[in-house]
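A short write-up of the structure that comes next.
This is how it looks when you write it as structure tokens:
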């Protein structure tokens, strides 16, 4: 993203947090960003468009911070603790803006429900991966229930912190949440009761649609390979390896990425291969 655009987003986010969305003028945003009001309109058509961009930017910023918040070489429990700590640090920095965004009668022009669905799915994938790293496959069938419990723990802390303007240490809260999560996981895996909700119930329709998209792209790529004899040997082999990996219970991202990189080297296959990458590596497959 353009540096000036990022500067506008970060400056306006700070002003909205301090003064509120409606009380902040475009002139103030421009002055604080050291640009003219006219230059503002080169990047955003209106304050509402800026707000929509802030929403997307901030959501992606959180996800990026969480991903980078820990060392993958550390124990799985410590990784989760560090990421929850980072999340509470982010809330501490911007919580007034976050609450204002959802409770100040702001109208966003894009489909918030669709965007929230995507964020929720990414959040679930993040939680599920941590659970698998910490407890193994034994916890997989309870992943949705445990994710709901974790959301509840984090959300309740955030609500009380905001409503009562509580000061806190992010690390202390994160350690407390991870300890409680451990008790929950050990209980459900010991009792082995039927899960209240499953991945198929929550994400089933999306999974079926994406699976169909993948199969159609496989067919299209194979068709193009057959139309170009020079591609057939190497590209066809890469496609077959990719298809075989995709149907595994737990597809390995490194294998999928390597095969896609091979296909993307061929100009005739580049567009379809990039579409495959978006689905295979950025969206979930089945109950992974």
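Residue numbers (my numbering): 67 to 354.
Positions of the beta carbon are idealized from the N, C-alpha and C atoms, including for glycine.
Given the structure is predicted, the values throughout are model-derived calculations rather than measurements.
How many Å lie between residue i and residue j at the Cα?
| i | j | result |
| --- | --- | --- |
| residue 138 | residue 200 | 13 Å |
| residue 220 | residue 289 | 49 Å |
| residue 287 | residue 188 | 28 Å |
| residue 176 | residue 104 | A caution first: residue 176 carries a pLDDT of 49, below 50, which makes its placement in the model unreliable, though a value can still be read off. Answer to the nearest angstrom: the Cα atoms are 25 Å apart. |
| residue 354 | residue 346 | With a pLDDT of 41 at residue 354, under the threshold of 50, the modelled position of that residue is not reliable, and no figure is offered here. |
| residue 343 | residue 89 | 43 Å |
| residue 133 | residue 302 | 34 Å |
| residue 107 | residue 67 | 16 Å |
| residue 339 | residue 326 | 6 Å |
| residue 230 | residue 191 | 31 Å |
| residue 324 | residue 276 | 21 Å |
| residue 159 | residue 278 | 42 Å |
| residue 257 | residue 209 | 15 Å |
| residue 222 | residue 130 | 23 Å |
| residue 318 | residue 143 | 22 Å |
| residue 122 | residue 246 | 31 Å |
| residue 113 | residue 228 | 26 Å |
| residue 96 | residue 83 | 16 Å |
| residue 263 | residue 111 | 43 Å |
| residue 314 | residue 76 | 43 Å |
Tell whether a beta-carbon distance below 8 Å holds between residue i and residue j.
| i | j | result |
| --- | --- | --- |
| residue 136 | residue 240 | no |
| residue 81 | residue 98 | yes |
| residue 280 | residue 312 | yes |
| residue 117 | residue 87 | yes |
| residue 193 | residue 156 | no |
| residue 74 | residue 109 | yes |
| residue 305 | residue 329 | yes |
| residue 146 | residue 196 | yes |
| residue 101 | residue 71 | no |
| residue 120 | residue 78 | yes |
| residue 268 | residue 211 | no |
| residue 322 | residue 308 | yes |
| residue 185 | residue 125 | yes |
Runs of 4 residues minimum, wholly inside the region 274-347: which ones carry the alpha helix (DSSP H) assignment? 298-312, 319-330
When the Cβ atoms of the region 318-335 are set against those of the region 293-304, are three or more pairs found closer than 8 Å? yes
Decide if the region 202-209 is in contact with the region 232-248; the criterion is three or more beta carbon pairs, one per stretch, under 8 Å apart. no
Mind listing, in chain order, the continuous alpha helix (DSSP H) runs of no fewer than 4 residues lying wholly within the region 186-255? 209-229
Could you pull out every unbroken alpha helix (DSSP H) segment of at least 4 residues lying fully inside the region 86-149, listed in chain order? 92-98, 103-109, 113-134
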